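Below is one structure; the comments refer to it alone.
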Amino acid sequence: MTHHIVVLGAGYAGLIAAKGTARRLRRRGDVRITLVNAASHFVERVRLHQLAAGQPLRNLPLSTLLAGTGIDLAVARVTAVDAAARTVRIDAAPYELAYDTLVYALGSTADTTAVPGAAAYASAVATHQDAVRLRARTRDARFALAVAGGGLTGIEAAAELACAHPGLKIHLVTQGDVGPGLSERGRRYLRGALNRHGVTLREHTRVREVAAHGLVLADGGEIPADEVVWTAGFRVPALAREAGFAVDDRGLIAVDPALRSLSHPEVFAAGDAVAAYGPDGTASRMSCQTGLPMGAHVARGVAASLTGRSLKPLRLHYVWQNISLGRHDGLTQFTRADDSPVTGILTGRASARFKEAVTRGTVVALRR
36 MTHHIVVLGA GYAGLIAAKG TARRLRRRGD VRITLVNAAS HFVERVRLHQ LAAGQPLRNL
96 PLSTLLAGTG IDLAVARVTA VDAAARTVRI DAAPYELAYD TLVYALGSTA DTTAVPGAAA
156 YASAVATHQD AVRLRARTRD ARFALAVAGG GLTGIEAAAE LACAHPGLKI HLVTQGDVGP
216 GLSERGRRYL RGALNRHGVT LREHTRVREV AAHGLVLADG GEIPADEVVW TAGFRVPALA
276 REAGFAVDDR GLIAVDPALR SLSHPEVFAA GDAVAAYGPD GTASRMSCQT GLPMGAHVAR
336 GVAASLTGRS LKPLRLHYVW QNISLGRHDG LTQFTRADDS PVTGILTGRA SARFKEAVTR
396 GTVVALRR
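When we follow the numbering used here, the leftmost residue of the sequence shown carries the number 36, and every step to the right adds one.
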């Protein structure tokens, strides 16, 4: 009898999980793998700020990336998962997929529920569609733009848009320190770079509301803006919670150290959808640098579960954080294995070239 593995999501984690599983089980004639994704192409999420700034990105069809793997591709949106029946409902033929093993890697989107008005008035850069919409809104821009959120997504969006559109007046607003995962040395460089690129930085500034005319602050002040970009946090789809999988308070799938669902052992999860924590209890950050090793580990786990071998725990080992500050500037913050920053940094053109090499190398790895 054929064992059907269904992988939901073809982002960094899902694609590497599907291809890794296929590679490990390629000699098994009783295994079938189906990869479900809403788009027919792979989205380089780490480049979405470039797309938003008007730079063309290469097209990476999933059919090309999956060529020769034996993986079936279903281009469709997942509408529901029935954990009891072990089926996935999708919005295109065949409309329902039965699974024996499920890999859940549906990723995340911008969390526009945090403050009133964000969903109605703010743009985002969390998906390909978000970036395309923002590009259209800012293509010929000569106005004011406010970016809410001082993490990597907000920093890269603000810097890239500032470099691409010198006529834009850009504010970057964060309720804490900008770049919270950086060393003080890294943060000093970042502040200087944003200033050089014409970005006005507002740290320790809490947003109370997003309005049609800009940001309303908790202290009663306002930052007028013709366009607001919301990058202050991410959320995951409600599908896992609705399916009855064990989840945490954010809706992330609760997993054991091998990334197997605590409530449903036939389910593995990877990427932004996972409630994964380090030895100190700190949540793993949502990033390509987390998703790729998770996807690879899930591939090993799925293969082990089908061949009677024991599953091993995932050990994440971080090395750096790469931050784009336009096409010719950047900041690489080197880290300990637990993702805490060390004093060492790489900056300027050298960092920009380094990040470009890493990003290109990631796609090369996904082609294998």
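For glycine and all other residues, C-beta sits at the position ideal for the given N, C-alpha and C. Just so it is clear, the structure is predicted and the values come from calculations on it, not from any experiment.
- By the criterion of a C-beta distance shorter than 8 Å, E244 is surrounded in its chain by V150, P151, G152, L250 and V251, once the five residues flanking it on both sides are discounted.
- Separation of the CB atoms of Q368 and L207 is rounded to 18 Å, and the pair is thereby denied contact status at 8 Å.
- In this chain, the alpha helix (DSSP H) harbouring I51 covers Y47 to R59.
- Considered as a whole, the region 55-108 harbours 66-72 as its complete beta strand (DSSP E) runs of no fewer than 3 residues, in chain order.
- Judged by pairs of C-beta atoms under 8 Å, the region 230-242 does not touch the region 102-121, as fewer than three such pairs exist.
- Rounded to whole angstroms, the Cβ separation of R121 and E301 is 7 Å, and the two are in contact under 8 Å.
- Take the alpha-carbon of V290 and the one of G233: they are about 44 Å apart.
- When beta bridges are read from the DSSP output, F369 appears opposite W355.
- The three-state reading of DSSP puts Y156 in helix, counting H, G and I together.
- Straight-line measurement puts the Cα of P376 at about 9 Å from the Cα of E219.
- For K204, the beta-bridge partners assigned by DSSP are A179.
- For the options A392, L360 and I380, the alpha carbon positioned closest to that of I190 is the one of L360.
- By the Cβ neighbour-count rule, M321 is buried, with 16 or more other Cβ atoms within 10 Å of its own.
- Restricting attention to Y47, V354, A52 and R172, the CA atom closest to the CA of L86 is found in R172.
- Close CB contacts of A119 within its chain, under the 8 Å cut and outside five residues either way in sequence, are with G279 (chain order).
- The three-state reading of DSSP puts L294 in coil, since its state is none of H, G, I, E or B.
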